[in-house]
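Q:
Chains as they are written, first to last, in the numbering used here: chain A, 40 to 370; chain B, 40 to 370; chain C, 40 to 370; chain D, 40 to 370.
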């Protein structure tokens with residue numbers, strides 16, 4: 040019988056442990072078995088490892104992964120977008136599955152907040168059969184109802200895994216906050232989400248380190264503001280205003296994750312501006328802020344949590360079009 | 040020559056001082072002289088008195104006032120809505136005047152954040168002629184460009200001053216946040232802004248004291264949650280969820296002014312809900328909050344600052360229609 | 040074996056024919072058998088009968104019906120909103136089922152335009168087993184995936200079937216066009232959709248005959264304009280403008296179905312107003328109009344097709360709350 | 040005294056007549072005298088000449104013009120955006136002036152439909168002093184309240200007049216209809232408005248003649264569909280669907296002006312798509328259409344009339360950034 044080596048988080052803040060499971064390849068209706076070809080380490084994996092979001096342990100981490108279809112269960116003949124699916128196809132899958140039936144899925148149409156949402160590499164205790172529900176594994180068993188996307192030939196695994204859930208998350212966030220033609224945009228953060236946001240908007244990037252900012256300029260940033268060079272909130276605010284104009288930015292996208300980025304970001308918006316809280320995926324604790332600034336500046340502040348399958352489709356399409364994201368060495 | 044007694048704030052946190060000025064009734068083009076018939080004390084007046092918003096002193100306070108036209112300057116023949124204006128007319132005026140030319144007025148169409156906005160009863164040092172730019176005065180001199188509204192006969196001064204800037208402010212805030220058919224709404228605060236918000240939406244009111252909550256029920260609240268009865272954030276959250284349903288409110292309107300209301304309010308929203316920061320008009324300091332909640336709950340948080348003249352028109356129309364607001368004794 | 044009498048449209052514009060089918064009550068997973076207690080005749084049924092929308096014949100008509108659960112297939116334990124479902128429960132069901140997988144369901148989140156949408160009483164040829172897929176029948180077999188809604192005790196069959204798909208359709212239409220606080224609204228049409236739109240908005244109703252307009256006033260219309268009394272477009276336009284003000288209505292809801300209502304309705308909008316094309320469910324042919332009016336008046340014109348299950352839930356909730364709709368004799 | 044040669048439309052469909060007026064250069068407060076350096080012939084000028092929009096005659100046509108400040112009236116020291124203004128400055132001016140006080144300007148914030156709007160080159164009978172209110176003239180007298188924009192040094196007159204009111208109009212239209220990230224866009228029309236729309240969106244252009252379509256590709260169109268090559272509505276629809284995908288376009292921008300473009304354009308939209316009626320500036324008569332398509336396809340159809348001064352500012356900024364629009368020979 041086929042066996043799969045896996046990397047398991049057995050307890051928060053402990054080294055991952057390599058285990059081996061037997062692969063139960065008797066697939067039910069709609070299920071699939073995939074060979075994992077590549078898996079990414081996301082900033083969220085670091086938060087998960089630290090224990091900043093409550094997840095079951097032991098768990099096979101890995102929610103940004105891609106691979107090849109090895110076997111398809113009865114009735115699974117098409118990918119999410121309706122293309123035919125076959126053994127051997129190169130695919131990526133949305134990390135999460137929603138119930139489609141709860142208050143948030145049905146009444147409020149907000150499936151990213153589904154009351155029963157489960158994500159590969161995050162929500163499945165690997166003590167329970169069939170075990171293989173994370174990407175840090177040679178093989179993954181995809182549940183019925185998974186959103187599977189066939190990869191265009193032009194799109195290497197490096198590209199889709201390199202963009203990872205960052206690009207999907209940025210797509211949903213930018214959809215939610217809205218970016219209008221002519222808006223000036225500031226991106227806080229030069230990590231993967233920040234760079235992804237950049238790829239679809241005109242921007243100033245506030246972040247670091249230097250090689251990230253260099254990459255941001257290559258990706259089309261109009262200006263960058265280095266956290267190393269501008270060591271205070273006030274210095275960064277001034278540098279941003281020099282770049283976007285004297286009243287501040289129309290839209291600021293927070294892609295940092297540290298709570299202190301939020302009150303700093305409010306300062307970067309113009310009156311009436313929009314602020315997207317995209318990076319606070321993990322619970323990294325409290326921060327002080329002055330709510331008067333929200334009233335006085337008439338800010339619109341929005342959160343965005345993860346993404347829906349249609350954002351994965353958007354990411355696949357975007358990457359297939361964009362030579363820059365495909366070919367950049369070292370992503 | 041006509042003289043006017045006025046109540047002046049000479050220094051923060053000092054008793055108002057009664058002074059007397061001569062009334063310079065030689066009016067320029069577009070100016071008006073009005074006899075003040077009634078003036079309200081707004082929560083903002085308390086903040087101003089404490090020094091929580093920077094204003095010049097000495098100042099004649101009073102930004103919620105109404106009266107009768109005594110004299111009209113050349114060319115001032117119509118009110119804001121185009122009705123003929125004559126000596127003796129009962130009128131109210133928008134407290135603020137904007138420049139119409141700055142970045143916020145022109146490019147971003149956000150006149151409440153006009154860079155040169157000045158408000159009667161707030162922005163004018165009364166040492167400077169013509170002195171009479173506040174409502175705590177027998178007479179007020181209205182500048183050219185003031186938005187003056189003729190009062191319908193059915194609308195007594197008690198009603199328009201009683202509703203005050205609270206109703207105008209609530210109208211702009213509700214317009215900004217948007218309330219959709221079928222939304223559950225929670226109002227935080229049972230002061231004038233909270234009651235005004237109530238008048239135009241279906242709601243649960245969280246506030247006090249008891250006589251305010253009684254009034255809230257008379258105004259149509261579906262439920263009230265007393266700060267005195269429910270002494271903790273968690274107890275109030277539970278009481279609100281009992282009233283609006285197990286996931287929380289679609290929309291929460293903060294009409295309190297204390298910074299701690301804001302993180303409490305985030306807890307009252309459902310995932311994907313909307314939160315209006317309407318009450319933080321004054322700078323009452325910092326509060327701790329956890330930005331993770333904005334990302335995770337996908338909240339939309341909006342501020343709203345003051346109002347435009349069209350909201351005063353809306354308030355006049357609303358009050359003229361609404362027997363409840365006209366006739367309530369003791370407002 | 041149980042038998043069911045049914046009313047069948049065998050050919051367009053022919054009298055319905057009464058047939059009898061055996062009831063195959065061996066239910067698959069998620070299926071249900073219901074006793075039809077009441078079924079409505081919708082304006083759309085008239086269009087279907089005339090052949091104005093392409094449907095298969097022979098067909099058991101009836102897409103507005105309600106009844107009692109007689110038997111539940113394996114796994115069907117809850118209604119759409121998550122309430123427990125049992126034999127004997129009084130229920131209504133959404134007429135249509137969507138695939139959840141096509142371009143419109145997935146990418147564009149517009150399930151009312153699902154490429155594989157099928158509706159009870161409309162889309163099922165009754166020659167094919169299990170035959171009983173329409174409401175003009177003693178028994179109906181509900182497919183797996185049907186949206187079933189338990190009726191609150193206060194809600195009689197008369198009320199939910201009387202409101203019919205008109206109320207659901209009005210709810211989706213009003214959601215799409217948006218009605219803002221303070222908007223003046225004109226409803227074109229005093230049929231069921233028009234009256235339903237009225238129930239959730241402030242309005243002037245343009246329609247007839249007299250007993251419909253009387254009902255419109257009882258339902259809360261601010262004014263009515265009779266097609267019989269005002270025989271020309273220009274006369275009606277004048278009557279509407281007298282009621283809503285000299286520039287026309289902020290929002291006009293077309294609930295008529297005759298093509299000529301559309302160019303007439305454009306005339307009723309103010310510049311910058313919104314016009315909802317809700318009534319043109321059937322293809323009733325062409326009409327002349329002048330597109331210059333859309334540019335010049337800067338109109339927003341929206342269509343809305345049918346409804347989603349969440350609108351049925353909204354209708355059930357609305358009717359349960361609204362004594363007026365429950366108790367009106369003769370609906 | 041200075042004299043100005045002017046080109047006058049004395050009667051519809053007659054050749055323009057050259058006249059000469061004396062220039063009254065005694066400027067009132069806020070007025071300006073400008074030397075016209077360049078003036079464009081807009082498609083609207085053709086409609087005006089035909090008499091398709093009611094304007095006074097005789098009139099000096101020319102609403103797309105630019106020039107140099109020759110003299111500034113008292114108090115006119117800054118341009119619309121707040122930059123200092125001086126004699127000799129190269130400037131463009133918004134063609135229209137609004138009252139800022141009427142129902143549309145104030146309550147509905149729709150100044151392009153101002154009840155007292157007047158436009159240079161359109162609304163001023165040149166028999167009335169000071170005569171020089173159109174761009175087909177050596178000199179133009181700009182009224183107080185005109186929106187004047189200083190041209191960046193990099194921006195030649197050819198560019199700003201070449202883009203003309205087409206670009207401003209496209210900016211307002213695209214703002215109104217909204218174009219979201221990832222939307223497919225079809226532009227109907229390859230005239231100046233169509234090309235301008237193209238410059239700010241990803242598109243397929245349907246139009247002609249061939250040299251226009253060649254220009255469209257140079258401006259970044261993803262595909263073009265030639266009216267000459269595809270002679271029927273159905274052939275064009277198929278060509279467009281081949282380019283944007285099997286369901287049609289998310290957004291279609293009508294920039295044609297012929298009424299028949301509108302029903303054809305409805306066919307090009309996907310279900311739930313958006314259709315902008317931008318080109319029907321003149322009254323070119325009626326067309327037949329089937330309103331059923333708006334309901335069934337759940338279309339959003341919007342008109343957009345002319346532009347506000349902030350769109351002129353947007354156009355100046357856009358052109359200054361865009362080498363393509365500055366340098367294209369032959370525009």
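Note that CB positions come from ideal geometry on N, CA and C, so glycine has one too.
#1: My assumption, with CB atoms under 8 Å, is that residue 159/A sits in contact with residue 179/A. Please give the rounded CB distance.
#2: Can you check whether the C-beta of residue 369/D is within less than 8 Å of a C-beta belonging to chain C?
#3: When the cut-off is 8 Å and only beta carbons count, does residue 266/C lie next to chain D?
#4: Let me know if residue 317/C comes out buried or exposed under the rule of 16 or more other beta-carbons within 10 Å of its beta-carbon.
#5: Do you know offhand how far residue 259/B's Cα is from residue 334/D's?
#6: Distance, Cα to Cα, residue 53/B vs residue 279/B?
#7: When we look at the beta-carbon of residue 271/C and count the other beta-carbons within 10 Å, is it buried (16 or more) or exposed?
#8: Does any residue of chain B bring its CB to less than 8 Å from the CB of residue 11/D?
#9: Using a Cβ cut-off of 7 Å, pull out every chain D residue sitting near residue 349/B, in sequence order please.
#10: Please report the distance separating the alpha-carbon of residue 313/C from that of residue 290/C.
#11: If we ignore side chains and look at the alpha-carbon of each, how far apart do residue 190/D and residue 182/D end up?
#12: Could you tell me the distance, in whole angstroms, from the CA atom of residue 269/A to the CA atom of residue 170/A?
#13: Flag residue 319/D as yes if its beta-carbon sits less than 8 Å from any beta-carbon of chain B, otherwise no.
#14: Alpha carbon to alpha carbon, how far is residue 140/A from residue 349/C? Give it in angstroms, no decimals.
#15: Just mark residue 371/A as buried or exposed, buried being the case when its beta carbon has 16 or more other beta carbons within 10 Å.
#16: For residue 336/C, decide whether its Cβ has a neighbour in chain D, counting only Cβ atoms nearer than 8 Å.
#17: Please state the DSSP three-state secondary structure of residue 200/A.
#18: Residues of the stretch 155-169 of chain C in Cβ contact with chain D at a cutoff of 7 Å, in chain order, please.
#19: Would you grab the beta carbon distance between residue 326/C and residue 298/C for me? Rounded to a whole angstrom, and I think it's under 8 Å.
#20: Scan the stretch 66-94 of chain C for residues whose Cβ lies nearer than 8 Å to a Cβ of chain D and list them as they occur along the chain.
#21: Does residue 52/B have its Cβ less than 8 Å from a Cβ in chain D?
#22: Can you pull the chain B residues whose beta carbon is under 9 Å from the beta carbon of residue 352/D, in chain order?
#23: With a threshold of 8 Å between beta-carbons, can residue 119/A be considered close to chain B, or not?
#24: Which chain A residues are close to residue 324/B, counting only those with a beta carbon under 9 Å from its beta carbon?
#25: Can you give me the start and stop residues for the beta strand (DSSP E) that residue 262/A sits inside?
#26: Which term fits residue 89/D, buried or exposed, when burial requires 16 or more other beta carbons within 10 angstroms of its beta carbon?
#27: So, do the stretch 115-131 of chain A and the stretch 93-102 of chain A have three or more beta carbon pairs nearer to each other than 8 Å?
#28: Can you look up residue 88/A in the DSSP assignment and give me helix, strand or coil?
#29: Hey, out of 197/A, 83/A and 150/A, whose CA is closest to residue 321/A's CA?
#30: May I ask which residues mark the beginning and end of the beta strand (DSSP E) holding residue 341/C?
#31: Looking only at its chain, what residues have a beta carbon closer than 7 Å to the beta carbon of residue 353/B, apart from the 5 residues adjacent to it on each side?
#32: Just the C-alpha distance for residue 367/C and residue 256/C, rounded to the nearest angstrom, thanks.
#33: So, helix, strand or coil for residue 184/D, using DSSP?
#34: Using the three-state DSSP reduction, which class does residue 98/D fall into: helix, strand or coil?
#35: Is it buried or exposed, residue 68/A, if we count other Cβ atoms within 10 angstroms and call 16 or more buried?
A: To lay it out plainly:
#1: Between residue 179/A and residue 159/A the Cβ distance is about 7 Å, and since that is below 8 Å, they are a contact.
#2: Because residue 369/D sits at a pLDDT of 39, beneath the cut-off of 50, its placement in the model cannot be relied upon, and the point is left open.
#3: No - not a single Cβ of chain D is within 8 Å of the one on residue 266/C.
#4: With a threshold of 16 other beta carbon atoms within 10 Å, residue 317/C meets it and is buried.
#5: Taking the straight line from one Cα to the other gives about 37 Å.
#6: Roughly 40 Å separates the two Cα atoms.
#7: Exposed, by the Cβ-count rule.
#8: Given a span of 40 to 370 for chain D in the structure shown, any question on residue 11/D remains unanswerable.
#9: Among the residues of chain D, those whose CB is under 7 Å from the CB of residue 349/B are 145 and 146, following chain order.
#10: Straight through space, the alpha carbons of residue 290/C and residue 313/C are spaced by roughly 5 Å.
#11: Going by the C-alpha atoms only, they are around 19 Å apart.
#12: Roughly 47 Å between the two C-alpha positions.
#13: No, its Cβ sits nowhere closer than 8 Å to a Cβ of chain B.
#14: One alpha carbon belongs to residue 349/C, the other to residue 140/A, and they sit about 11 Å apart.
#15: This structure does not reach residue 371/A, given that chain A is present from 40 up to 370, and the question cannot be answered.
#16: Contact of residue 336/C with chain D is assigned, a C-beta pair being separated by under 8 Å.
#17: Three-state result, residue 200/A: helix.
#18: For the stretch 155-169 of chain C, which is checked against every Cβ of chain D, not one residue is closer than 7 Å.
#19: Residue 326/C to residue 298/C, Cβ: 4 Å. Contact.
#20: Taking 8 Å as the Cβ-Cβ cut-off against chain D, none of the residues of the stretch 66-94 of chain C qualify.
#21: Not closer than 8 Å to any Cβ of chain D, the Cβ of residue 52/B fails to qualify, so no.
#22: Residue 352/D reaches chain B at 145 and 146, counting residues in chain order whose Cβ is nearer than 9 Å.
#23: Not closer than 8 Å to any Cβ of chain B, the Cβ of residue 119/A fails to qualify, so no.
#24: Per Cβ cutoff of 9 Å: 329 and 331.
#25: Following the DSSP letters along the chain, one finds residue 262/A inside the beta strand (DSSP E) bounded by residues 262-265.
#26: With fewer than 16 other Cβ atoms from the protein chains shown falling within 10 Å of its own Cβ, residue 89/D counts as exposed.
#27: The stretch 115-131 of chain A, when compared against the stretch 93-102 of chain A, does not touch it at the 8 Å Cβ threshold.
#28: Residue 88/A sits in a helix when the DSSP states are folded into three classes.
#29: When each option's Cα is compared against that of residue 321/A, the closest is 83/A.
#30: Where residue 341/C is concerned, the enclosing beta strand (DSSP E) stretches over 339-342.
#31: Non-local C-beta neighbours of residue 353/B in its own chain, meaning closer than 7 Å and more than five positions away in sequence, comprise 210, ordered along the chain.
#32: Any answer about residue 367/C is weak, because its pLDDT of 46 lies below 50 and its placement is not dependable; what the coordinates show is given next. Computed Cα separation, rounded: 13 Å.
#33: Note: residue 184/D maps to coil in three-state DSSP.
#34: Look at residue 98/D here: in three-state DSSP terms it is strand.
#35: With fewer than 16 other Cβ atoms within 10 Å, it is exposed.
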